[in-house]
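Colleague:
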Amino acid sequence: QKEVEQNSGPLSVPEGAIASLNCTYSDRGSQSFFWYRQYSGKSPELIMFIYSNGDKEDGRFTAQLNKASQYVSLLIRDSQPSDSATYLCAVIRTNAGKSTFGDGTTLTVKP
Amino acid sequence: GAGVSQSPSNKVTEKGKDVELRCDPISGHTALYWYRQSLGQGLEFLIYFQGNSAPDKSGLPSDRFSAERTGGSVSTLTIQRTQQEDSAVYLCASSFGTGFLGNEQFFGPGTRLTVL
């Protein structure tokens, strides 16, 4: 079992829909959770981070964390074609330094 | 301020040659990370530096790989006797720290290494 698991996709949604990206992790000591967006041929770009259980909203993006279920998700509302990318989930056990990334979910938003 | 910079952006080398990849982190960031990403794959952790502490080398795939960080800033990743399987994009990231806050990593543009 991988330490951080994501559905590889591809996930395809129509423009304007909600895209839901999921991530599970195995280390219960994990305390920091991140979502990165990576366009093809580019480096990852941080879009959200969350530390506490519950929801965190930033514009069209909402991160959700449930530590009891070891689950973190990213919702993208009003999806746009420009959101088409690979989304990487990353998990850190605070003060351990090393972060663990999932393999990413590829999202395609169709006009 | 400036983001993380890496050089060169592309490197083509012959099998068996040594290569050096450079990373200049964001000013004031104490933590620096190296990752490798093969085509269509996720990020593979290589090594991590935090301040003056001994680096976490647990991700280095073989003893042909080494890295150093001089003066707590610039880092160099060296690959000796390169092999074709070393071909990948090498990404560097930095973060302000590793505590509960400020551990978000910011990535450089990467170095694409091709070993012929």
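Residue numbers (this note's numbering), protein chains in the order written: chain A, 7 to 117; chain B, 64 to 179.
All C-beta atoms, glycine included, are put in the ideal place defined by N, C-alpha and C.
Model, not experiment: these values are computed from the prediction.
Taking 8 angstroms as the threshold, find out whether the stretch 96-110 of chain B comes into contact with the stretch 149-156 of chain B through three or more Cβ pairs.
Modeller: yes
Colleague: Please report the distance separating the alpha-carbon of Ser-36 (chain A) from that of Gly-114 (chain B).
Modeller: When rounded, the separation of the alpha-carbon atoms in Ser-36 (chain A) and Gly-114 (chain B) is 22 angstroms.
Colleague: Tell me, which residues are paired with Gln-100 (chain B) by DSSP?
Modeller: Beta-bridge partners assigned by DSSP to Gln-100 (chain B): B:Val-152.
Colleague: At the level of alpha carbons, what is the spacing between Arg-132 (chain B) and Ser-138 (chain B)?
Modeller: 4 angstroms
Colleague: Please work out which residues of its chain come closer than 8 angstroms, Cβ to Cβ, to Asp-81 (chain B), disregarding the five sequence neighbours upstream and downstream, and give them in chain order.
Modeller: Thr-141, Ile-142, Gln-143, Arg-144, Thr-145
Colleague: Rounded to whole angstroms, what is the Cα-Cα separation between Cys-95 (chain A) and Gln-147 (chain B)?
Modeller: 29 angstroms
Colleague: Is the CB of Asp-64 (chain A) under 7 angstroms away from at least one CB in chain B?
Modeller: no
Colleague: With a cut-off of 8 angstroms on the beta carbons, I'd call Thr-106 (chain A) and Val-97 (chain A) a contact; round off their distance for me.
Modeller: 5 angstroms
Colleague: Check for me: the beta strand (DSSP E) holding Leu-17 (chain A) runs from which residue to which?
Modeller: 17-20
Colleague: Drop a sphere of 10 angstroms on the beta-carbon of Arg-34 (chain A), count the other beta-carbons inside from all chains shown, and report buried for 16 or more, exposed for fewer.
Modeller: exposed
Colleague: According to the Cβ coordinates, are Ile-56 (chain A) and Phe-39 (chain A) closer than 7 angstroms?
Modeller: yes
Colleague: If you drop the 5 nearest sequence neighbours on each side, which residues of the same chain put their C-beta closer than 6 angstroms to that of Pro-50 (chain A)?
Modeller: Tyr-42, Gln-44, Leu-94.
Colleague: If I measure Cβ to Cβ from Gly-160 (chain B) and keep anything under 7 angstroms in the same chain, skipping five residues before and after, which residues do I get?
Modeller: Thr-93, Ala-94, Asn-166
Colleague: Just tell me which of B:Phe-169, B:Ser-68, B:Ser-150, B:Phe-170 has its CA closest to the CA of Thr-177 (chain B).
Modeller: B:Ser-150
Colleague: Residues in its own chain within less than 6 angstroms of Val-78 (chain A) by CB, not counting five upstream and five downstream?
Modeller: Cys-29, Phe-39, Leu-71
Colleague: Under the rule that 16 or more other beta-carbon atoms within 10 Å means buried, what is Pro-88 (chain B), buried or exposed?
Modeller: Pro-88 (chain B) comes out buried.
Colleague: Would you kindly check if the distance between the Cβ of Gly-122 (chain B) and the Cβ of Leu-109 (chain B) is under 7 angstroms?
Modeller: yes
Colleague: Can you tell me where the beta strand (DSSP E) holding Ala-130 (chain B) begins and where it ends?
Modeller: 128-132
Colleague: Going by DSSP, what residue range makes up the beta strand (DSSP E) through Thr-145 (chain B)?
Modeller: Where Thr-145 (chain B) is concerned, there is no enclosing beta strand (DSSP E), given that its DSSP letter is neither H nor E.
Colleague: Measure the beta-carbon distance from Leu-80 (chain A) to Ile-24 (chain A) and round it to whole angstroms, keeping in mind my assumption that it falls under 8 angstroms.
Modeller: The Cβ separation is near 11 angstroms, so there is no contact.
Colleague: Can a CB atom of chain B be found closer than 7 angstroms to the CB of Ile-98 (chain A)?
Modeller: yes
Colleague: Just curious, the beta strand (DSSP E) that Ile-110 (chain B) is in, first and last residue?
Modeller: 107-113
Colleague: One question on the structure: do Gln-12 (chain A) and Gly-108 (chain A) come within less than 7 angstroms of each other, judged by their Cβ atoms?
Modeller: With respect to Gly-108 (chain A), Gln-12 (chain A) sits close: the two C-beta atoms are nearer than 7 angstroms.
Colleague: Nearest-angstrom Cα distance between Gln-86 (chain A) and Ser-125 (chain B)?
Modeller: 42 angstroms
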